[in-house]
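Residue numbers (the numbering used here): 3 to 153.
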């Protein structure tokens, strides 16, 4: 199971439950055993059985918008993982795709950049994924949290 880098997962405690409890086979924990082999890290994260993460916006008609600097979560979201679970705060629901893309740039990115600057890094938008529907039934699940959580 691969947990993406997500404030929603961190704040909800889901990331710690998966990565630290020992109850799951965590890709993040297993990747630590790979040392500095960047290619092995990429391959391991690209094709997990299950990926758990979040999105930056969900449109009222059901499209999901995800932005990423590195793109590490986009491969399993798009097609690499057998099952995708997105945990989404209620504040991320937007009327349409244009509003969702604007939300990424004006709300999510500035907050993620501030979070990373506190540890000596910065953020940017390198890639954007828009999910309109899944080809395989029951591959993707959106869990809508009825409170504000994450960016």
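For glycine and all other residues, C-beta sits at the position ideal for the given N, C-alpha and C. What you are looking at is a predicted structure, and each value in this text was computed from that prediction instead of being measured.
Beta carbon of residue 70 nearer than 9 Å to that of residue 132 | Position 68 of the chain shown, counting from 1, holds the residue named residue 70. Position 130 of the chain shown, counting from 1, holds the residue named residue 132. Against a cut-off of 9 Å, the Cβ pair of residue 132 and residue 70 comes out as no contact.
As assigned by DSSP and simplified to three states, the class of residue 40 = The residue you call residue 40 lines up with position 38 of the chain shown. In the structure shown, residue 40 sits in a helix (DSSP, three-state: H, G or I).
Return the CA-CA distance between residue 20 and residue 3, expressed in angstroms with no decimal places.
-> In the chain shown, the residue the question calls residue 20 occupies position 18. In the chain shown, the residue the question calls residue 3 occupies position 1. Straight-line Cα distance between these residues: approximately 8 Å.
What do you reckon, is the C-beta of residue 135 under 8 Å from a heavy atom of the ligand SAM?
-> In the structure on display, the ligand SAM does not appear, and there are no ligands present to speak of.
Let me know the secondary structure DSSP gives residue 106 once reduced to three states.
-> Taking the first residue of the chain shown as 1, we reach residue 106 at position 104. Reduced to three states, the DSSP call for residue 106 is helix.
Host alpha helix (DSSP H) of residue 16 (start-end) | Stepping through the chain shown from its first residue, residue 16 is reached at position 14. Looking at the DSSP string, the run of the alpha helix (DSSP H) that includes residue 16 is 16 to 22.
When burial is assigned at 16 or more other CB atoms within 10 Å of the CB, is residue 123 buried or exposed?
-> To locate residue 123, count along the chain shown from 1; it is residue 121. Exposed is the call here.
On the premise that residue 92 lies in contact with residue 134, defined as a C-beta separation below 8 Å, what is that separation, rounded to the nearest angstrom?
-> Residue numbering aside, residue 134 sits at position 132 when the chain shown is read from its first letter. Residue numbering aside, residue 92 sits at position 90 when the chain shown is read from its first letter. 21 Å between Cβ atoms; not a contact.
Option nearest residue 32 by Cα separation, candidates 25, 43, 23 | Locating residue 32 in the chain shown gives position 30, where the first residue counts as 1. Residue 43 is the option with its Cα nearest to residue 32.
Between the CA atoms of residue 80 and residue 55 - distance to the nearest angstrom = For the purposes of this step, residue 55 is taken as residue 53 along the chain shown, with counting starting at 1. For the purposes of this step, residue 80 is taken as residue 78 along the chain shown, with counting starting at 1. Spanning the two alpha carbons is a distance of roughly 12 Å.
Starting from residue 118, follow the alpha helix (DSSP H) in both directions and report where the run begins and ends.
-> The residue labelled residue 118 in the question sits at position 116 within the chain shown. 111 to 119 is the extent of the alpha helix (DSSP H) around residue 118.
7 Å Cβ shell around residue 57 - same chain, five flanking residues per side excluded | To locate residue 57, count along the chain shown from 1; it is residue 55. 66, 67, 68, 88, 90, 94, listed in sequence order.
Drop a sphere of 10 angstroms on the beta-carbon of residue 105, count the other beta-carbons inside from all chains shown, and report buried for 16 or more, exposed for fewer.
-> Counting from 1 along the chain shown, the entry for residue 105 is found at position 103. It counts as buried.
In terms of residues, what are the limits of the alpha helix (DSSP H) holding residue 33?
-> Numbered from 1 along the chain shown, position 31 holds the residue referred to as residue 33. Start and end: 29 to 33.
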